[in-house]
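First up is the structure itself, then whatever we jot down about it.
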Ligand code: NDP
């Protein structure tokens, strides 16, 4: 017997998740504020509840995937969550997730928070490599891991309900740094007779080759010694920054994406850290 699932929220993501449980033979009850969005799933065999309260009453495992934390408040108000296993896949901040965990505890529910590292087309496609960070109740996670793994992979990161959101935002923040760097690179060649499609694969290979440097950063943070095994030291890298800024100027490109990072590198060097790598920048960011 497959575990029955209740799914609240049938947006792009909720619908993609729900469909995989149906396809895998899990009895599924769904509810969405705009009922029309449930029609396709109903045709595939889902039971459509008239209210969120009815959907919550139908099953023990309740999965929520709504727009934001405020919509979670609105949808779950007036539902009876006693003894429910509540899994909230709505994107939130760590503090919102911790508050939601406490809120659920007060209502007698077990709580697991999730941060989805996938876009809807990756759901139900294991080879796409998507997964969800989970944090909060370990018991809930272990009880339902098999069911939760149906749509996409699962990565449990701890009992602190805020840790899933924190991991999610940490990875996406690094992604934006990467996109910012790629934006600058494309801007540099924008006015030249260079095909962006010829730069793209070079860019991808270089970023992939450099990405493992984060392992050394982690080693340095753990040991507190930021000089161990350094290949390109900070003094050398800061000495190179005028080349980057002058090239941007020559190409008529704003340095605004690069400058803040260079500024932190210079500040760290000024503290006498020339033999380190770039790890010291992290200490300047944390107050
Ligand atoms: P959509 O905009 O497609 O769907 C939003 C859902 O929230 C709909 O079901 C909508 O209902 C519902 N909703 C919004 N406000 C309210 C409210 N006040 N009361 C009741 N229901 C409400 O978003 P997604 O499905 O794409 O995203 C859902 C969550 O998943 C978000 O937290 C998002 O950050 C996260 N996520 C999404 C990804 C993506 O690529 N799509 C990737 C990773 C995470 P209605 O149909 O009535 O409008």
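Residue numbers (full-length UniProt numbering): 7 to 293. Just so it is clear, CB atoms sit at the ideal spot from N, CA and C, and this is done for glycine as well. Please read these numbers as outputs of a predicted model, since none were measured by experiment.
| query | result |
| --- | --- |
| Which of helix, strand or coil DSSP assigns to residue 74 | coil |
| 7 Å Cβ cutoff met for residue 37 and residue 55 | yes |
| Proximity of residue 141 and residue 166 at Cβ, strictly below 7 Å | yes |
| Residue 82 CB to nearest heavy atom of ligand 1 below 6 Å | no |
| Closest Cα partner of residue 243 within the set 118, 252, 271, 103 | 271 |
| Per-residue burial, residue 292 [other beta carbons within 10 Å of its own, 16 or more giving buried] | exposed |
| Residue closest to residue 74, alpha-carbon to alpha-carbon, out of 98, 91, 89, 60 | 98 |
| Best match in 48, 49, 81, 72 for proximity to residue 60 [C-alpha to C-alpha] | 81 |
| Beta-carbon gap between residue 70 and residue 15 smaller than 7 Å | yes |
| Where residue 32 falls: helix, strand or coil (DSSP) | coil |
| Segment limits, beta strand (DSSP E) that includes residue 199 | Here residue 199 belongs to no beta strand (DSSP E), and DSSP marks it neither H nor E. |
| 8 Å contact criterion, which residue 239 and residue 278 should meet: CB distance rounded | Between residue 278 and residue 239 the Cβ distance is about 12 Å, and since that is not below 8 Å, they are no contact. |
| DSSP three-state assignment for residue 14, whether helix, strand or coil | strand |
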